[in-house]
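Have a look at the structure below before the remarks.
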Amino acid sequence: MARGVSYISAAQLVPMLRDPRIAVVDVRDEERIYDAHIAGSHHYASDSFGERLPELAQATKGKETLVFHCALSKVRGPSCAQMYLDYLSEADEDSDVKNIIVLERGFNGWELSGRPVCRCKDAPCKDYRVAIYALWSLQHIKNRVSHFGGSAIMLLCGSINSVAVNITSRHVN
77 MARGVSYISA AQLVPMLRDP RIAVVDVRDE ERIYDAHIAG SHHYASDSFG
127 ERLPELAQAT KGKETLVFHC ALSKVRGPSC AQMYLDYLSE ADEDSDVKNI
177 IVLERGFNGW ELSGRPVCRC KDAPCKDYRV AIYALWSLQH IKNRVSHFGG
227 SAIMLLCGSI NSVAVNITSR HVN
C-alpha cells in the first residue's frame, strides 16, 4: 500500500500513461465541464470527493498508481490525494495501490506545456491515452528530425500521424 503522497512532472507522466496500471484522477469541479482534460482520466470533483471514496476505490481496482490533479495542484489535488491515502489506510479492503502521486502544476501546467488534452464530453472519458501519447511522441520526433533534415522519416511520421489523428479525431485537441 502507498505510504505517502509524492509529486510528478508532466514530462515524467506522459510516458507512464501507456501503463494500464496507472489511473489519473481529476478533482477539478465545474471547470472540467468547460475545459479539456487528460484523456482517460477519472473525474471525482473535490466538493464531493469524500463521499465518493468507495466509488473511486472500485473504479481504480487493480491500479498500482493514482495520479491526482486539479487546476494547479496546489490545494484540491494534494488534499484529495491525502484524503484517499488516509481512506486506504483505514479501509478494511485490500488495495493494489502502491503510489499516490500529485501532478505538479496541475492540469493548467499540463496543457500550457503542450501536452495532449481530450475535449470529449464522455463520462467517464474513453481511454484514448495510447493514441494521444503516440501523437505527442510523433510531434516530438518530427520536431527533432526536421531540425536535422530527415525528409524520409518525416514522410513516415506524417503517415503514422494521419492514422493516429483519424483514431482520435473526436477526442484530441
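Residue numbers (the working numbering): 77 to 249. Cβ coordinates follow ideal geometry from the N, Cα and C atoms, glycine included.
### Run of the beta strand (DSSP E) containing S155, from where it starts to where it stops
Boundaries around S155 are those of the alpha helix (DSSP H), 152-166, since no beta strand (DSSP E) includes it.
### Query
Hey, out of V193, P91, H119, whose CA is closest to G153's CA?
H119
### Message
Among K137, C196, L179, whose alpha-carbon lies nearest the alpha-carbon of V103?
### Response
L179
### Cα-Cα separation between E107 and C156, rounded to whole angstroms
17 angstroms
#### Entry: For Y83, the three-state DSSP class (helix, strand or coil)
strand
#### Entry: Other residues of its chain near S85: CB distance less than 6 angstroms, five sequence neighbours each side excluded
The residues E180, in chain order, have a CB closer than 6 angstroms to that of S85 in the same chain once the five nearest residues on each side in sequence are set aside.
### Task
Give the DSSP-derived three-state secondary structure of I114 in the structure shown.
DSSP, reduced to helix, strand and coil, places I114 outside both helices and strands of the structure shown, so it counts as coil.
### Query
S117 and C196: beta carbons closer than 8 angstroms?
no
### Query
Any idea which residues DSSP pairs L179 with across the strands?
I84
### Task
Compare the beta carbon distance of V173 and L132 with 8 angstroms and say whether it is the shorter of the two.
No Cβ-Cβ contact shorter than 8 angstroms links V173 with L132.
### Query
When you compare each of K137, S189, R191 to D170 by their alpha carbons, which one comes out closest?
K137
### Task
Please state whether DSSP places D95 in a helix, a strand or coil.
coil
### Task
Assign V101 to one of three DSSP states: helix, strand, or coil.
strand
#### Entry: Sequence-distant residues of the same chain with beta carbon closer than 8 angstroms to G185, five excluded per side
A86, L148, S149, L179
### Through-space distance from V100 to P192, alpha-carbon basis
14 angstroms
### Query
Which residue from Y163, H113, C194 puts its Cα closest to that of F125?
Y163
### Query
Whose C-alpha, out of Q158, A78, I114, is nearest the C-alpha of L93?
Nearest of Q158, A78, I114 to L93, Cα basis: I114.
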